[in-house]
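Worksheet: the structure to be examined is printed underneath.
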Amino acid sequence: MYNFELLRNVTIGQYIPTGSAVHRLDPRAKLLAATLLTLAISFNTSLIANLLFLAVVMGIAWLARIPFRYIWRGLLLGLPVLVFIFVMQFLFLGSSEPAGRVYFEWGWFRVT
Numbered sequence: 001m002y003n004f005e006l007l008r009n010v011t012i013g014q015y016i017p018t019g020s021a022v023h024r025l026d027p028r029a030k031l032l033a034a035t036l037l038t039l040a041i042s043f044n045t046s047l048i049a050n051l052l053f054l055a056v057v058m059g060i061a062w063l064a065r066i067p068f069r070y071i072w073r074g075l076l077l078g079l080p081v082l083v084f085i086f087v088m089q090f091l092f093l094g095s096s097e098p099a100g101r102v103y104f105e106w107g108w109f110r111v112t
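Shown next, in the form of structure tokens:
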């Protein structure tokens, strides 16, 4: 009755039971690690750090025994957006000086 053919072909977010050590971890630990990794990726300003985070994510996928082809198939749909984000970071990654007048500053956080 509720047959979603589209969802069968979308690989992002699907669970792959491989029985790896990553799969056996406590779900709360996985949620905390994913949140911390997302925050670290979001707030970094270094190309080297981006490459390091990519290596960490690929290492976790390898430890979870998720096939690279499966990951690549899921990324192909969003690849144009990923390329755009990469180009924007590459072009605008540079000086840590603010682009405009600073209205509020607290540590590394600036409102311009």
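Everything in the sequence shown is counted per our numbering, starting at 1 for the first residue and increasing by one. Glycine included, C-beta positions come from ideal geometry on N, C-alpha and C.
Which of helix, strand or coil DSSP assigns to residue i
{"i": "T112", "result": "coil"}
8 Å Cβ cutoff met for residue i and residue j
{"i": "T11", "j": "R69", "result": "no"}
{"i": "I71", "j": "V22", "result": "no"}
{"i": "I66", "j": "T35", "result": "no"}
Start-to-end residues for the alpha helix (DSSP H) that takes in residue i
{"i": "V10", "result": "First-last for V10: undefined, no H or E at that position."}
{"i": "R24", "result": "A21 to R24"}
Every unbroken beta strand (DSSP E) within the stretch 28–80, with a cutoff of 3 residues, ordered by chain: none
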